[in-house]
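Asks:
Numbering (my numbering), first residue to last: 1 to 33.
#1: Alpha carbon to alpha carbon, what distance is there between residue 27 and residue 21?
#2: At what residues does the alpha helix (DSSP H) containing residue 16 begin and finish?
#3: Give the straight-line distance between the Cα atoms of residue 7 and residue 30, rounded to the nearest whole angstrom.
#4: Assuming residue 1 and residue 9 are in contact, meaning their beta carbons sit under 8 angstroms apart, how far apart are those beta carbons, in whole angstroms?
As structure tokens, then:
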């Protein structure tokens with residue numbers, strides 16, 4: 001199960017990176033507001 005998730009993330013590393021950056025950016029914005 002975890003291996004499949006890892007493979008999926010590896011195949012979609014760019015999408016995952018954008019998702020993480022978006023989440024971190026949203027969290028930072030909420031923290032500053």
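Beta carbons are placed, not taken as given, at the ideal position from N, Cα and C, and that holds for glycine.
Replies: Let me spell this out:
#1: Distance between the alpha carbons of residue 21 and residue 27 is about 10 angstroms.
#2: Run containing residue 16: 13 to 32, per the alpha helix (DSSP H) assignment.
#3: Rounded to the nearest angstrom, the gap between the Cα atoms of residue 7 and residue 30 is 32 angstroms.
#4: Not confirmed; about 13 angstroms, so no contact.
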